[in-house]
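Take a look at the structure below.
Structure, rendered in structure tokens:
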């Protein structure tokens, strides 16, 4: 009798184990990771949605969400749907710290993606203890070279090239195309601007006068007019004026040049952060002023309808981000979202934070993306794109290759040379849905 009961218990236990195995073979593998279930992945971003910075960069998180919605409508990632929690930090470091902490402790997101700003995100990273909590900090929208320090920011992956890289490329463009011209620089007075100044110094470029620096948020029309008046009087001919700030500041300076009738006095060389033509036009800069502005970029121009990535992202934007004008910021947001989907796929069905970061290090440099320059992620590098191409805007706001030919420059954040690359980007995934194959 006792033996029969034991046999029945053993048979019942075997049946339970077999049933459990069948269930696990049907349901997607569940990871023991915050923000991940069998059917969902929760991501988060702290970024400006309001204020002057929100006016310019507020489109990025909506573009990411639109692309995720598109992927969700087409099966998600390994059977899981992606949700994106967006919190407004108004481009204020203290608020960014609070909002990022909220994303981790209250919203319990699996990973962060697309955080904006050097001062804001460096403070947020420390306050939310992202390194200690091993939270993946993906594709941040800042080029501050300090974020390449894996020891200090162990979970951070950049997507932009560093500002030092950009400055080195700009220095080569000036040397090759404007020899003998006087050169000036107006830059944001923080890690952003200092990184750019350092890059020019590393490249051996000497400005005709000490760069004009301004604290973020202080570039008024009057201040811009005063700076331009002084620089115009400092050199004859047509000097090159490097603008190393956000797009709202670029607009303020260009409109000041209009008022002072100095738009033809300078060759304006605007950094990638501050040269979105659609935004400049929306902020009141005249098409005739934009015509001729030179800029560096790592993505194709958002108005280039011959580009397959641009065309696909425009289609997605039309359906899933209704009412939002497609521009370089929407392009950047969707591109980062595409990279995120590939990273999640590469990490496998048993999704963990450590596994996600390892997957980017191992496979990220081969991900499909809109970028016209190579990706640099590896076990030893957290830099995203590692170069630029140089464009010149026309009156329509279109960015065309400077000199009529697309030239791709690659470099590093240190003393390495600026080199011309023959990089060819991966083919656009069918229907814009990566399979990682």
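Residue numbers (the working numbering): 146 to 582. Cβ coordinates follow ideal geometry from the N, Cα and C atoms, glycine included.
Requested in this report: Count the other C-beta atoms from every protein chain shown that fall within 10 angstroms of the C-beta of residue 172, then say buried if there are 16 or more, exposed otherwise.
Outcome: Residue confidence for residue 172 is low, a pLDDT of 41 falling below 50, so the modelled location carries little weight and cannot support an answer.
Query raised in the report: Is it the case that the Cβ atoms of residue 290 and residue 329 are separated by a distance below 8 Å?
Result: It is not a contact, given that the beta carbons lie outside the stated cut-off.
Query raised in the report: What is the DSSP secondary structure of residue 380, reduced to helix, strand or coil?
Result: Shown here, residue 380 sits in coil according to DSSP, grouped into three states, outside any helix or strand.
Report task. Would you kindly check if the distance between the Cβ of residue 480 and the Cβ of residue 469 is under 8 Å? Result -> Taking 8 Å as the Cβ cut-off, residue 469 and residue 480 do not qualify as a contacting pair.
Query raised in the report: When you compare each of 193, 233, 296, 428 to residue 398 by their alpha carbons, which one comes out closest?
Result: Minimum Cα distance to residue 398 is reached at 428.
Query raised in the report: Counting pairs of beta carbons, one from the segment 268–282 and one from the segment 240–256, are three or more of them closer than 8 Å?
Result: Using a C-beta cut-off of 8 Å, the segment 268–282 makes contact with the segment 240–256, since at least three inter-stretch Cβ pairs fall below that distance.
Query raised in the report: Does the distance from the C-beta atom of residue 242 to that of residue 269 stay below 8 Å?
Result: At a Cβ-Cβ threshold of 8 Å, residue 242 and residue 269 count as neighbours.
**Report entry** Residue range of the alpha helix (DSSP H) that includes residue 506
**Finding:** Its alpha helix (DSSP H) spans residues 498–508.
Report task. Decide yes or no for the touch test of the segment 424–441 against the segment 538–557: beta carbon pairs closer than 8 Å, at least 3 of them. Result -> Cβ pair count under 8 Å is three or more, so yes.
Query raised in the report: In three-state DSSP terms, what is residue 553?
Result: Reduced to three states, the DSSP call for residue 553 is strand.
Query raised in the report: When DSSP builds the beta bridges, which residues end up paired with residue 206?
Result: Beta-bridge pairing by DSSP links residue 206 to no other residue.
Requested in this report: Helix, strand or coil for residue 563, going by three-state DSSP, please let me know.
Outcome: In this structure, residue 563 counts as coil in the three-state DSSP scheme.
**Report entry** Best match in 440, 563, 581, 472 for proximity to residue 536 [C-alpha to C-alpha]
**Finding:** Checked all of 440, 563, 581, 472; the closest Cα to residue 536 is 440.
Query raised in the report: In or out: residue 332 buried (at least 16 other Cβ within 10 Å) or exposed?
Result: Answer is buried; the Cβ neighbour count reaches 16.
Query raised in the report: Below 8 Å between beta carbons: does that hold for residue 443 and residue 547?
Result: With respect to residue 547, residue 443 sits apart: the two C-beta atoms are not nearer than 8 Å.
Report task. Could you please give the first and the last residue of the uninterrupted alpha helix (DSSP H) stretch that includes residue 399? Result -> Segment 392–404, the alpha helix (DSSP H) holding residue 399.
Query raised in the report: What's the gap between the Cα of residue 570 and the Cα of residue 522?
Result: If you take the alpha carbons of residue 570 and residue 522, they lie about 15 Å apart.
Requested in this report: Indicate whether residue 263 and residue 234 have their beta-carbon atoms separated by less than 8 Å.
Outcome: Between residue 263 and residue 234, the C-beta gap is not smaller than 8 Å, which leaves the two residues out of contact.
Query raised in the report: DSSP three-state call for residue 525: helix, strand or coil?
Result: Looking at residue 525 - three-state DSSP - the assignment turns out to be coil, as it is neither helix nor strand.
Query raised in the report: To which residues of the same chain is residue 341 closer than 6 Å at the C-beta, ignoring the five residues directly before and after it?
Result: So the list reads 308, 312, 332, 389, once near-sequence residues are dropped.
**Report entry** Where residue 584 sits in the DSSP three-state scheme
**Finding:** Nothing can be reported for residue 584, as the shown portion of the chain is limited to 146 through 582.
Query raised in the report: Going by the beta-carbon positions, is the gap between residue 206 and residue 222 smaller than 8 Å?
Result: Taking 8 Å as the Cβ cut-off, residue 206 and residue 222 do not qualify as a contacting pair.
Query raised in the report: What is the C-beta distance between residue 187 and residue 255, in whole angstroms, given that I count them as a contact (C-beta under 8 Å)?
Result: Taking a contact as a CB-CB distance under 8 Å, the pair residue 187 and residue 255 counts as one, their CB atoms being some 6 Å apart.
Query raised in the report: Relative to the C-alpha of residue 405, which residue among 392, 378, 431, 374 is closest?
Result: Residue 405 has its Cα closest to that of 374, out of 392, 378, 431, 374.
**Report entry** One or two residues paired with residue 351 in a DSSP bridge
**Finding:** Beta-bridge pairing links residue 351 to no other residue.
Query raised in the report: Rounded to a whole number of angstroms, what is the C-alpha to C-alpha distance between residue 176 and residue 182?
Result: For residue 176, the pLDDT reaches just 46, beneath the cut-off of 50, and the residue's location in the model is therefore unreliable, leaving the point undetermined.
Query raised in the report: If you draw a straight line from the C-alpha of residue 196 to the C-alpha of residue 240, how long is it?
Result: Between the C-alpha atoms of residue 196 and residue 240 there is a straight-line separation of about 13 Å.
Query raised in the report: Taking the alpha-carbon positions, what's the residue 382 to residue 410 distance?
Result: Straight-line measurement puts the Cα of residue 410 at about 8 Å from the Cα of residue 382.
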